[in-house]
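In my numbering, the protein residues as written are 4 to 397.
Below is one structure, written out as structure tokens; the observations come after it.
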């Protein structure tokens with residue numbers, strides 16, 4: 004209407020929602036009002052619903068509850084995965100739970116009727132010092148159930164050779180880093196966990212009978228450098244999701260967002276960079292955690308060293324206690340025993356499998372696992388357009 008402002012930009016849901024038909028509710032994993040790395044122009048409403056879970060009434064679309072999980076998000080720490088719904092055994096009886104895995108590494112366990120925390124959530128102090136025109140939140144929420152890595156140090160910088168280790172250490176010292184939630188800066192800041200997060204799309208999978216969550220946490224640092232708009236045009240067009248400058252038109256700053264890599268293209272921080280793990284959801288204890296994947300498809304020499312590599316994609320768990328994951332940097336679909344993490348089988352893929360596999364029963368009554376091997380530009384995995392189906396043994 005005349006005299007009012009049309010909202011051209013707002014928090015969005017770029018992943019998939021979950022649904023509880025009995026409660027009549029939809030659960031939306033929310034992103035941010037863009038740009039991700041500058042929040043000086045965000046509205047009160049956008050801050051309320053961004054980077055958290057919003058529950059809607061199925062019949063009316065009205066908000067039933069919302070739960071912000073990152074305050075004033077400047078790091079793209081949105082909820083990238085579909086929320087997981089399960090009936091959770093607690094000391095107070097079985098509760099209808101929602102598990103929200105996040106890029107920051109926290110797994111928020113909420114009562115999906117109300118949004119109240121089942122597993123405690125604490126507010127922790129966060130670094131300040133945002134660029135001119137912006138601000139930071141003094142605290143950030145952290146779930147007691149989390150896979151958040153330790154703070155990086157210079158001695159964590161690693162290299163295949165002394166030369167690239169030295170360059171990684173120089174790069175580390177040249178960037179701003181005050182721990183998790185270091186705000187983006189003109190100097191350049193380390194974002195750790197990085198843009199792909201500890202958990203991203205695909206979320207997590209659970210075994211509701213055993214009350215176990217199967218996880219694939221990743222640990223890869225990124226850098227975030229703000230560029231004044233006056234300098235953006237001179238830097239040329241954006242080259243990809245994680246290369247070149249993102250112009251962020253309409254805001255005071257563009258941003259250069261890149262993984263913290265050595266000249267050889269491997270992460271600067273010491274391995275392992277990716278794991279598979281299992282958590283007992285009745286007490287939140289870690290049952291086991293193993294490094295996962297090789298550098299066969301990402302190192303200059305295709306040697307399958309089992310160093311533990313990042314994965315981008317989800318898992319699923321079968322009633323037989325077998326979990327499947329295809330999202331690792333190397334091109335494999337793998338099957339694991341959820342009770343101990345033992346690798347049961349692996350099948351080679353013709354391209355990167357940065358997706359979530361699925362399972363189905365064929366007309367012959369046999370169980371199949373299907374995966375889309377399309378690759379991922381930001382991770383640099385081989386691209387393709389393959390759909391692969393694997394038949395499980397009798």
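By construction, the Cβ of each residue, glycine as well, lies at the ideal position given by its N, Cα and C atoms.
- By the Cβ neighbour-count rule, residue 202 is buried, with 16 or more other Cβ atoms within 10 Å of its own.
- Judged by their CB atoms, residue 56 and residue 32 are nearer to each other than the 8 angstroms cut-off.
- In the structure shown, residue 165 falls within a helical segment according to DSSP collapsed to helix, strand and coil.
- When DSSP assignments are scanned along the stretch 212-247, the uninterrupted stretches of beta strand (DSSP E) that are 3 or more residues long and fall wholly within it turn out to be 215-218 and 225-231.
- Residue pairing of residue 314 in beta bridges, as defined by DSSP: 331.
- For residue 254, no beta strand (DSSP E) run applies, since DSSP gives it neither H nor E.
- In this structure, residue 127 places its C-beta atom within 8 angstroms of the C-beta atom of residue 142.
- Given a length threshold of 3 residues, each whole run of the beta strand (DSSP E) inside the stretch 257-306 is given here in chain order: 278-283 and 288-294.
- A distance of 8 angstroms or more separates the beta carbons of residue 312 and residue 356.
- Residue 174 sits in a helix when the DSSP states are folded into three classes.
- Exclusion of the five residues before and after residue 298 leaves 269, 306, 307, 308, 310, 312, 332 and 333 as the residues of its chain whose Cβ lies within less than 8 angstroms of its Cβ.
- Contact between the stretch 34-42 and the stretch 245-264 is present: 3 or more CB-CB pairs across the two stretches fall below 8 angstroms.
- A Cβ-Cβ separation of about 6 angstroms places residue 226 in contact with residue 193 under the 8 angstroms criterion.
- Following the DSSP letters along the chain, one finds residue 70 inside the beta strand (DSSP E) bounded by residues 66-71.
- Boundaries around residue 145 are those of the beta strand (DSSP E), 142-146, since no alpha helix (DSSP H) includes it.
- Within the same chain, 325, 327, 347 and 348 come within 6 angstroms of residue 338 by CB-CB distance, once the 5 residues on both sides are set aside.
- Between the stretch 232-251 and the stretch 170-184, the count of C-beta pairs closer than 8 angstroms stays below three; the two stretches do not touch.
- If you look at residue 208, you'll find it in the beta strand (DSSP E) that goes 208-210.
- The three-state reading of DSSP puts residue 371 in strand, counting E and B together.
- For residue 5, no alpha helix (DSSP H) run applies, since DSSP gives it neither H nor E.
- For residue 30, the uninterrupted beta strand (DSSP E) segment begins and ends at 28-32.
- Of the candidates 114, 379 and 12, 379 places its Cα closest to the Cα of residue 314.
- The Cβ atoms of residue 344 and residue 279 sit closer than 8 angstroms to each other.
- Residue 23 is bridged by DSSP to 28.
- Your pair residue 88 and residue 116 does not check out as a contact, with CB atoms roughly 11 angstroms apart and the cut at 8 angstroms.
- For residue 119, there is no enclosing beta strand (DSSP E), as DSSP gives it neither H nor E.
- Distances from the CA of residue 28 to each of 91, 86 and 362 were compared; the closest alpha carbon is that of 86.
- Boundaries of the beta strand (DSSP E) around residue 192: 192-194.
- For residue 76 against residue 54, the beta-carbon gap comes to about 4 angstroms, under 8 angstroms, which counts as contact.
- Spatial neighbours of residue 374 in its own chain (CB-CB distance under 6 angstroms, excluding positions within 5 residues in sequence) are listed in chain order as 329, 336, 356, 360 and 391.
- Pairing residue 224 with residue 155 gives a Cβ-Cβ distance under 8 angstroms.
- For residue 47, no beta strand (DSSP E) segment is defined; the enclosing uninterrupted segment is the alpha helix (DSSP H) at 47-52.
- Only exposed fits residue 176, as fewer than 16 other CB atoms lie within 10 angstroms of its CB.
- Using a 10 angstroms sphere on the CB of residue 252, the tally of other CB atoms stays under 16, which defines it as exposed.
- Residue 38: not part of any beta strand (DSSP E); DSSP gives it neither H nor E.
- Residue 126 carries a strand assignment under DSSP once its states are collapsed to helix, strand and coil.
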